[in-house]
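Have a look at the structure below before the remarks.
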Amino acid sequence: MRVALVHDYLNQYGGAERVLEVLAEMFPKAPIYTLLYDEEKTYGRFKGRVRKTSFLDHPFVSRRHRLFIPLLPLAASRLRLPDAYDLVVSSTAGYAKGVSYGNVRHVAYCHTPLRYAWEPDYLTAKLGTNPAVRAALAPLLWYLRRWDYRAGQKPNIVIANSRFIAEKIRRAYGREAEVVHPPVDTAVFYPDASVRRGDRYLAAGRMLHYKRFDLVIDAFNKLGLPLTIVGDGPERAALKRRASSTIEFLPFVPDTAELRRLYSSAKALIFPQVEDFGLVAAEALACGTPVIAYDAGGAKEIVADGRNGVLFPEQTAEALIAAVRRFETLPFDRNRVAASAQRFSKEKFVEHMRLAVDRCLDR
1 MRVALVHDYL NQYGGAERVL EVLAEMFPKA PIYTLLYDEE KTYGRFKGRV
51 RKTSFLDHPF VSRRHRLFIP LLPLAASRLR LPDAYDLVVS STAGYAKGVS
101 YGNVRHVAYC HTPLRYAWEP DYLTAKLGTN PAVRAALAPL LWYLRRWDYR
151 AGQKPNIVIA NSRFIAEKIR RAYGREAEVV HPPVDTAVFY PDASVRRGDR
201 YLAAGRMLHY KRFDLVIDAF NKLGLPLTIV GDGPERAALK RRASSTIEFL
251 PFVPDTAELR RLYSSAKALI FPQVEDFGLV AAEALACGTP VIAYDAGGAK
301 EIVADGRNGV LFPEQTAEAL IAAVRRFETL PFDRNRVAAS AQRFSKEKFV
351 EHMRLAVDRC LDR
């Protein structure tokens with residue numbers, strides 16, 4: 001069977017790209033098509049697999065792709081796959097499901113509908129909330145929503161990465177989506193007995209506004225407890241200025257063994273953002289580390305309050321402080337915490353994705 005993989009863009013490395021890695025393992029001969037590709041920013045993990053990119057693939061665009069939002073749907077529509085394939089599998093948070101192909105079966109693994117189209121505040125948060133700016137953006141939002149709705153009708157089967165996203169897909173595209181949670185490689189992420197469990201809390205991820213590292217810093221400044229923040233991003237310098245001396249910063253860790261050691265040594269992972277799923281939280285659980293999470297989005301499907309972590313009801317420093325204090329009064333069995341992540345194993349992901357592919361081909 002001839003398979004093509006499609007991904008929105010490969011100019012960063014995060015949870016969506018980890019999913020693509022597993023899909024690439026499932027289909028080892030499948031080339032990858034993408035709008036933008038930066039081998040360095042993806043740490044060479046897709047070297048030799050990327051077959052074709054879009055007309056926008058240029059280092060300047062890759063570094064500033066959000067400035068080219070109006071052109072990305074056009075770039076996807078013009079990225080045409082050869083007619084030689086039997087199956088297209090896309091990994092998409094927006095554009096990959098809209099590439100052009102012939103009479104080919106298509107399974108779309110959807111991380112979220114296109115945020116810029118369906119969550120206007122996501123776009124205005126980057127470009128400003130001035131009424132004139134909002135008015136100027138209205139035609140763009142209409143165009144993005146129209147394009148994304150049409151692209152969302154193209155796949156034969158749509159798979160959501162969480163129940164949270166399945167509901168968004170239903171509202172955006174009028175389609176029902178099966179839920180297959182992203183994969184955690186439990187052969188890599190497990191309680192590391194060689195690592196001593198410490199007293200430091202951990203937060204990790206790309207330093208973007210919606211990740212709410214500011215909230216974590218404000219809470220831990222007041223708590224005076226040790227915290228390690230791992231990751232890079234545009235807000236890193238401002239966050240470092242905001243942090244007290246009890247908070248340390250580490251750069252992004254591409255080495256999974258080192259990441260396992262960080263998870264395993266942490267007292268708990270702090271997860272204050274609204275995520276589509278939350279692969280970092282699932283990986284921490286797999287290492288036996290409880291998660292203190294905001295009770296929204298994909299975290300609701302990962303964290304069971306009082307069993308493998310603590311949920312807090314409001315996205316405020318005060319609510320997080322209360323959750324940390326409550327966490328410190330609760331006993332957690334690290335082996336049970338790790339066992340709670342087995343439902344997200346890589347093996348289960350591959351099994352369910354193969355079943356979805358078989359159903360798609362049988363239609």
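Using full-length UniProt numbering, you'd call the opening residue of the sequence shown number 1 and step up by one each time.
Think of the CB as a built atom: it goes at the ideal place given N, C-alpha and C, for glycine as much as any other residue.
So who's on the other strand from residue i, going by DSSP bridges?
i, result
"F55", "Answer by DSSP bridge pairing: none, since F55 is not bridged."
"F249", "I229"
"V184", "S345"
"A172", "None; A172 has no bridge partner."
"R80", "S100"
"I32", "L5 and V50"
"A108", "S90 and V158"
"L10", "Y37"
"V179", "A160"
By alpha-carbon positions, which one of the options ends up nearest to residue i?
i, options, result
"residue 364", "I229, V184 and Q153", "Absent from the model: residue 364. The displayed extent of the chain is 1 to 363, so no value can be given."
"P82", "K300, R2, E318 and A204", "R2"
"V99", "R150, I247 and S245", "R150"
"F164", "H111, R197, V184 and R146", "H111"
"V61", "L36, K47 and V50", "L36"
"A299", "T316, E318 and E275", "E275"
"D121", "F252, E25, R63 and H209", "H209"
"A160", "D362, A203, K97 and R261", "K97"
"M26", "R354, D362 and F46", "R354"
"F327", "I270, A203, E347 and G297", "I270"
"F46", "E17, R63, P73 and S54", "E17"
"A257", "D192, I247 and R236", "D192"
"residue 367", "L56, I157, A136 and A138", "What the structure shows of the chain is the stretch from 1 to 363, and residue 367 is not part of that stretch, so it cannot be assessed."
"G297", "L202, K346, P272 and P251", "P272"
"V195", "V22, L259, L20 and K348", "L259"
"I247", "W118, R261, A93 and N221", "N221"
"L250", "T34, M207, E119 and G224", "M207"
"S54", "T34, H65, R66 and L67", "T34"
What's the gap between the Cα of residue i and the Cα of residue j?
i, j, result
"V180", "A166", "10 Å"
"A286", "L71", "40 Å"
"L239", "T228", "12 Å"
"V216", "G231", "14 Å"
"residue 427", "R307", "Residue 427 cannot be examined here, being either before or after the span of the chain that is shown, 1 to 363."
"I69", "L79", "16 Å"
"R170", "E176", "6 Å"
"P155", "H58", "28 Å"
"G288", "I32", "34 Å"
"S244", "L279", "28 Å"
"E283", "K52", "32 Å"
"A268", "L114", "32 Å"
"Y263", "P131", "44 Å"
"A341", "I302", "8 Å"
"R197", "A266", "6 Å"
"P183", "A338", "14 Å"
"F344", "V350", "10 Å"
"A24", "L5", "8 Å"
"R63", "A204", "22 Å"
"H7", "T329", "44 Å"
"L74", "G102", "18 Å"
"S77", "D148", "11 Å"
"L20", "Y85", "18 Å"
"A317", "E178", "35 Å"
"A30", "G48", "11 Å"
"W118", "G174", "13 Å"
Below 8 Å, can you find three or more Cβ-Cβ pairs linking the region 39 to 57 to the region 2 to 12? yes
Count Cβ pairs between the region 100 to 114 and the region 80 to 89 that sit closer than 8 Å; are there 3 or more? yes
Could I get the ranges of all uninterrupted alpha helix (DSSP H) runs contained in the UniProt domain "Glycosyl transferase family 1" (201 to 342), with 4 residues as the minimum, in chain order? 213 to 223, 236 to 242, 256 to 265, 279 to 286, 317 to 327 and 334 to 339
I'd like to know if the region 310 to 317 and the region 282 to 293 are in contact, where contact means that at least 3 CB-CB pairs between them fall below 8 Å. yes
For the region 180 to 198 and the region 131 to 147, state whether three or more C-beta atom pairs, one from each stretch, are separated by less than 8 Å. no
The region 316 to 324 / the region 233 to 250 touching (three or more Cβ pairs under 8 Å): no
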